[in-house]
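Residue numbers (numbering that gives the first Met the number 0): 0 to 185. Ideal Cβ positions, reconstructed from N, Cα and C, are used throughout, including at glycine. First the structure, in the form of structure tokens, and then the observations on it.
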Amino acid sequence: MSDAHAEPAANVPSCRKLFTEFARMGLSGFGGVLPFARAGIVDRNRWLSNAEFAELLSLGQVLPGPNVVNLSVMLGYRYHGVRGAAAALSGLVFTPAVLLLLIVLLYDHFSGLSLVQNLLKGMAAVAAGLVLSTAVKLAQGQSRTWRAIGVGLAVFLTIGVLQWPLVWVMLVLIPLALVLEWRAMR
């Protein structure tokens, strides 16, 4: 592939770097960490290629728990075992949790103000834009076969439009995608 992110990433972070980078992601990710996680892991630090990031994220999506939390644990473990997983997870969760407690105290005091309500509405639009931006970036490095596009559209329609439960959709579409790819490889 001609994509600069197609080659496996070579940079190996230290446990300290995992902690600080995931803390940075957690503090940057108001409304969602995923766009910041991808930028930090793929673009800035080159710990993973775009394809590797998409693979780990896909696995994180089907495991219990928030996908970026799962991603932090898997990435930390990949490089430094349990210590790396603990460092990445701690960075992602601890620092933003302290900030969140402070924000909750402020919100409790000022939540009745119309300015605060309007700010929250604006932040919701920004969060939606960030999610859409990340989806476009992730899709750029993926297969463009009719099988991949069909499965992707099926996921979007069933979860995004019809709002079917994620677990049931994944239980049907993951085996379907595997069978379609297996048949195409024969």
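Between which two residues does the alpha helix (DSSP H) carrying residue i extend?
i: residue 107; result: 66 to 109
i: residue 52; result: 49 to 61
i: residue 141; result: Unbroken run through residue 141: none, as it is neither H nor E.
i: residue 45; result: Run containing residue 45: none; DSSP gives neither H nor E here.
i: residue 173; result: 165 to 184
i: residue 157; result: Segment: none, residue 157 is in no alpha helix (DSSP H) and carries neither H nor E.
i: residue 36; result: 33 to 37
i: residue 26; result: 14 to 27
Rounding to the nearest angstrom, what Cα-Cα distance links residue i and residue j in this structure?
i: residue 181; j: residue 175; result: 10 Å
i: residue 158; j: residue 164; result: 7 Å
i: residue 92; j: residue 134; result: 23 Å
i: residue 55; j: residue 108; result: 40 Å
i: residue 66; j: residue 112; result: 34 Å
i: residue 34; j: residue 124; result: 15 Å
i: residue 115; j: residue 122; result: 11 Å
i: residue 172; j: residue 86; result: 34 Å
i: residue 72; j: residue 132; result: 24 Å
i: residue 101; j: residue 110; result: 14 Å
i: residue 169; j: residue 61; result: 7 Å
i: residue 141; j: residue 177; result: 15 Å
i: residue 119; j: residue 144; result: 40 Å
i: residue 63; j: residue 88; result: 15 Å
For residue i, collect the residues of the same chain with a Cβ closer than 6 Å to its Cβ; drop the 5 residues on either side in sequence, then sort them by chain order.
i: residue 90; result: 18, 21, 22
i: residue 59; result: 66, 69, 70
i: residue 28; result: 35
i: residue 146; result: 179
i: residue 137; result: 53
i: residue 79; result: 14
Excluding the 5 residues flanking residue i on each side, which residues of the same chain have their C-beta closer than 7 Å to its C-beta?
i: residue 83; result: 14, 17, 75, 76
i: residue 0; result: In this prediction, residue 0 scores a pLDDT of 37, lower than 50, which makes its location untrustworthy; no coordinate-derived value is stated.
i: residue 39; result: 20, 23, 24
i: residue 94; result: 22, 25, 26
i: residue 42; result: none
i: residue 31; result: 126, 129, 130
Sorted by chain position, which residues of the same chain lie with C-beta nearer than 8 Å to residue i's C-beta, five sequence neighbours on each side aside?
i: residue 98; result: 26
Report yes or no: do three or more beta-carbon pairs, one from the stretch 143 to 158 and one from the stretch 37 to 57, lie closer than 8 Å?
no
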